[in-house]
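Taking it in order: structure first as structure tokens, then the write-up.
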Amino acid sequence: MEQLWLTIKFLLLGLFQGLTEPIPISSSGHLLIAQYFLDVEIEGSVSTFALLVNTASLIAVLIIYRQDIQRLVINGFKFFQVKNAETKRDFMFVVYLVVATIPAGIIGVLFQDVIDEYLSTIVTIGVTLVITGLALWLIRNMRGQRKDGNMTMKDALIIGGAQAVALIPGISRSGATIVAAMARGINQETALRFSFLLFIPISLGGAVLSITDIANDDNLATMALPYIMAFIGSLIASYFSLKWFMHIMAKGQLKYFAIYCFIVGPLVVLAWLLLN
């Protein structure tokens, strides 16, 4: 019975992570909130759990954007042989993705342990959710006209900086990068695509950094089923959540996520104060 409950718990956590990963409300922040208020502890290695659910979300992104990825790879290599407007556009888009990955990569390597130790608190998450809401509210009516071919190196650096800021729990990665892109006048479709293609290298980088911890996880054998269920839950939820978010973005309804953050942020802090 205890093993069954553990498996159900991990399935729910995987579903919760997958649901919140694509949308701009901070999946890491919401997972910490759920674990705190439900008094849920992740058995085994936290790195193993994080790797599995993030990999599941990554697979969902790869499935949904598979045609874009295929085009970027083909045209990116073709640019060295055939230099035209299409191959140049896609080659530079890949370059911008690489550049935008660098800030979060550097900050993550240097300061992730400090962030986890000092900023992974319920109060921090409550405050940063409000900050996320403010950012979403400010760009809610923006309708940029710039597309893939109109992006610049400055855009990549600013979006990359926003992703680095999102290492703080409660600051949504997708929200921060989309806000930064739209604030630069990039249209919604390109901002969304760039944000989630940018998730690919940062997710792969996180997986590499977690390899040592996972190799030393003594609970892999006993936790196999809960881990598998968390992975499946995250994969399914991530896929449908991202599809839904793409529909929301097309309609320009980011304000609802801002309102959600305005409500949940203060409520989280208030609940924490009442319980402590």
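Position 192 of the sequence shown, counting from 1, maps to 192 under the UniProt record's numbering, and the rest follow consecutively. Glycine included, every Cβ here is placed at the ideal spot set by N, Cα and C. Bear in mind the structure is a predicted one, so any value in this text is a computation, not a measurement.
### Message
Given this structure, state the Cα-to-Cα distance separating Ile-168 from Pro-24, to the nearest angstrom.
### Response
Residue numbering aside, residue 168 sits at position 168 when the sequence shown is read from its first letter. Residue numbering aside, residue 24 sits at position 24 when the sequence shown is read from its first letter. If you draw a straight line from the Cα of Ile-168 to the Cα of Pro-24, it is about 14 Å long.
### For Gln-81 and Ser-238, the rounded distance between their alpha carbons
In the sequence shown, the residue the question calls residue 238 occupies position 238. In the sequence shown, the residue the question calls residue 81 occupies position 81. As the crow flies, the alpha-carbon of Ser-238 is around 37 Å from that of Gln-81.
### Residue interval of the alpha helix (DSSP H) (run including Arg-173)
Reading the sequence shown from its first residue, position 173 is the one you call residue 173. Arg-173 -> alpha helix (DSSP H) spans 173-183.
### Query
How long is the line joining the alpha carbons of Ser-234 and Ile-159, rounded to whole angstroms?
Looking up residue 234 in the sequence shown gives position 234. Looking up residue 159 in the sequence shown gives position 159. Here the alpha carbons of Ile-159 and Ser-234 stand approximately 26 Å from one another.
### Task
Under the assumption that Ser-195 contacts Ser-174 (Cβ atoms under 8 Å), give the Cβ distance between them as a whole number of angstroms.
Position 195 of the sequence shown, counting from 1, holds the residue named residue 195. Position 174 of the sequence shown, counting from 1, holds the residue named residue 174. Rounded to the nearest angstrom, the Cβ distance from Ser-195 to Ser-174 is 5 Å, consistent with a contact under 8 Å.
### Query
Going by C-alpha distance, which of Ile-186, Asn-276 and Trp-244 is nearest Glu-21?
Residue mapping note: residue 21 aligns to position 21 of the sequence shown, counting from 1. Ranking the options by Cα distance to Glu-21, first place goes to Trp-244.
### Query
Does the beta-carbon of Met-153 have 16 or more other beta-carbons within 10 angstroms, so that it is buried, or is it exposed?
Numbered from 1 along the sequence shown, position 153 holds the residue referred to as residue 153. Counting Cβ neighbours within 10 Å, Met-153 comes out exposed, since fewer than 16 surround it.
### Message
I believe Met-229 touches Leu-11 by the beta-carbon criterion, under 8 Å. Please report the beta-carbon distance rounded to the nearest angstrom.
### Response
By one-based count along the sequence shown, residue 229 stands at place 229. By one-based count along the sequence shown, residue 11 stands at place 11. Contact between Met-229 and Leu-11 is confirmed by a C-beta separation of about 4 Å, below the 8 Å threshold.
### Query
DSSP on Arg-71, reduced to helix/strand/coil?
Locating residue 71 in the sequence shown gives position 71, where the first residue counts as 1. In the structure shown, Arg-71 sits in a helix (DSSP, three-state: H, G or I).
### Query
Taking the C-alpha atoms as reference points, what is the distance between Ile-131 and Ile-171?
The sequence position of residue 131 within the sequence shown is 131, counting from 1. The sequence position of residue 171 within the sequence shown is 171, counting from 1. Each residue's Cα considered, the two are about 7 Å apart.
### Task
Please name the residue in Glu-117, Val-165 and Gly-133 whose C-alpha comes closest to that of Cys-261.
Here residue 261 is taken as the residue at index 261 of the sequence shown, counted from 1. Of the candidates Glu-117, Val-165 and Gly-133, the one whose C-alpha sits nearest the C-alpha of Cys-261 is Gly-133.
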